[in-house]
Amino acid sequence: MEPLFGPKGTMIGWLKGDVIYDMNLRPFAFVRDGGVFENKGCRVGELDQAASRGEQRMKAWDQPDKLFSN
384 MEPLFGPKGT MIGWLKGDVI YDMNLRPFAF VRDGGVFENK GCRVGELDQA
434 ASRGEQRMKA WDQPDKLFSN
């Protein structure tokens, strides 16, 4: 599992394979072709590899209130 960071740089969950887990290790989203989808299939954003630190980071999502508060 890799830590997953929000656009502000704070940790928001975990990424394992193509599944995103919340901080309590419950699966709640998945990744397909760089897009992030909530479990019902609605696209809510993108996943980006932050080049400077080699970390996975959420960016530019369409519906931020669907997944994250930060």
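Under our numbering, the first residue of the sequence shown is numbered 384, with each subsequent residue one higher. Quick reminder that beta carbons are idealized off the backbone N, C-alpha and C, glycines included.
Residue range of the beta strand (DSSP E) that includes residue i
i    : result
L408 : First-last for L408: undefined, no H or E at that position.
Whole-angstrom distance between residue j and residue i, CA atom to CA atom
i    : j    : result
G400 : P410 : 12 Å
L398 : C425 : 18 Å
G418 : I395 : 17 Å
L403 : A412 : Leu is not the amino acid found at residue 403; the sequence shown has Ile there. Cα to Cα, I403 sits roughly 5 Å from A412.
P429 : L408 : Here residue 429 is Glu; the residue named in the question, Pro, does not match the sequence. Between E429 and L408, the C-alpha separation is close to 20 Å.
Neighbour flag for residue i against chain C, beta carbons, 8 Å
i    : result
T393 : Looking at the structure shown, chain C is missing, and only one protein chain is on hand.
For residue i, the residue or residues it bridges with in DSSP
i    : result
V402 : K399 and F413
V419 : V414 and G428
P386 : W397
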